[in-house]
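Colleague:
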Amino acid sequence: MGSVKPVKPVKFFCGIIGINKEVILRAVNELGALLGKIDQESEFMPFNFTDYYADEMGNDLFRQFVSFQELMDPRKLAEIKLVTNTIEDKFTVTSNGKVHRTVNLDPGYITASNLILATTKEFSHRICIGEGIYAEVTLNFKKNGCVFFPWTYPDFKSGKYTSFFLEIRRRYMEITRTSSNSTDHQS
Numbered sequence: 174m175g176s177v178k179p180v181k182p183v184k185f186f187c188g189i190i191g192i193n194k195e196v197i198l199r200a201v202n203e204l205g206a207l208l209g210k211i212d213q214e215s216e217f218m219p220f221n222f223t224d225y226y227a228d229e230m231g232n233d234l235f236r237q238f239v240s241f242q243e244l245m246d247p248r249k250l251a252e253i254k255l256v257t258n259t260i261e262d263k264f265t266v267t268s269n270g271k272v273h274r275t276v277n278l279d280p281g282y283i284t285a286s287n288l289i290l291a292t293t294k295e296f297s298h299r300i301c302i303g304e305g306i307y308a309e310v311t312l313n314f315k316k317n318g319c320v321f322f323p324w325t326y327p328d329f330k331s332g333k334y335t336s337f338f339l340e341i342r343r344r345y346m347e348i349t350r351t352s353s354n355s356t357d358h359q360s
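Printed below as a string of structure tokens:
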């Protein structure tokens, strides 16, 4: 029988899709208030991998990722996804009697071995983590690259974000190595 070990903290990040750069910047401010200091931001990129959001948000969308400085307990993922849904609601607009999101927030976290995303959509490869929120292993890290799955989103598979995710992982590994060394010295 395996022994239970303490849960290691993880590095949270959030993927943001918005109708323009201004709304993304406002959402980033909200996220910072929720999750603490942002330590890394990707560039703004056109989001043109799918038309999934077109009916609700329009075309010509932008994508950005941000990561947060403090490591946190991975069990907070469901709670964080619920709060990001609330932030999305704050950014809705009404047009022709219909409510539209102007921003989509996808929180997740990175460990030494994988990238996990939260979602409200159940599917065969997702596990319920509470409150109607599911977790998905979206990609694995191997050496200096990423391994994708059949369900990995096309924009993630494109490799366009790989260097950003690898940098978040590098920072995570650096922080955990440093804290592990300081713990070893205190023993």
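Start counting the sequence shown at 174; every next residue gets the next number (the working numbering).
Think of the CB as a built atom: it goes at the ideal place given N, C-alpha and C, for glycine as much as any other residue.
Please state whether the Cβ-Cβ distance between LYS181 and PHE235 is less than 9 Å.
Modeller: Their beta carbons are not under 9 Å apart, which means LYS181 does not touch PHE235 by this criterion.
Colleague: Tell me the start and end of each unbroken beta strand (DSSP E) in the region 300-334 that is at least 3 residues and wholly inside, in chain order.
Modeller: Listed in chain order, they are 300-303, 306-315, 318-321.
Colleague: Classify LYS271 as helix, strand or coil using the three-state DSSP reduction.
Modeller: Residue state, collapsed to three classes: strand.
Colleague: Are PHE220 and ILE341 closer than 9 Å when you measure CB to CB?
Modeller: No, the Cβ-Cβ distance between PHE220 and ILE341 is not below 9 Å.
Colleague: Report the CB separation of PHE264 from ALA200 in whole angstroms; it is logged as a contact under 8 Å.
Modeller: That belief holds up - the Cβ atoms of PHE264 and ALA200 are roughly 7 Å apart, short of 8 Å.
Colleague: Taking the continuous beta strand (DSSP E) assigned at ARG236, which residues delimit it?
Modeller: 234-241 is the span of the beta strand (DSSP E), which, as asked, contains ARG236.
Colleague: Tell me whether HIS358 is buried or exposed, calling it buried when 16 or more other Cβ atoms sit within 10 Å of its Cβ.
Modeller: Confidence is the limiting factor: at HIS358 the pLDDT is only 45, short of 50, which leaves the residue's position unreliable, though a coordinate-based value still follows. HIS358 is exposed by the Cβ-count criterion.
Colleague: Can you tell me whether DSSP reads ASN287 as helix, strand or coil?
Modeller: ASN287: strand per DSSP, three-state reduction.
Colleague: Under the three-state reduction of DSSP, which class applies to ASN258: helix, strand or coil?
Modeller: If DSSP states are grouped into helix, strand and coil, ASN258 belongs with the helices.
Colleague: Going by beta carbon distance, what residues of the same chain come within less than 6 Å of SER336, once the five residues before and after it are set aside?
Modeller: Closer than 6 Å at Cβ, skipping near neighbours: no residue.
Colleague: Can you give the Cα-Cα distance for ASP279 and GLY231, rounded to whole angstroms?
Modeller: So the two alpha carbons sit approximately 18 Å from each other.
Colleague: Quick one: what's got a C-beta closer than 8 Å to VAL196's C-beta in the same chain, skipping five residues either side?
Modeller: Closer than 8 Å at the Cβ level, and outside the excluded window around VAL196, lie PHE264, THR275, VAL276.
Colleague: Decide if LYS271 is buried, meaning its Cβ has at least 16 other Cβ atoms within 10 Å, or exposed.
Modeller: By the neighbour-count rule (16 or more Cβ atoms within 10 Å), LYS271 is not buried but exposed.
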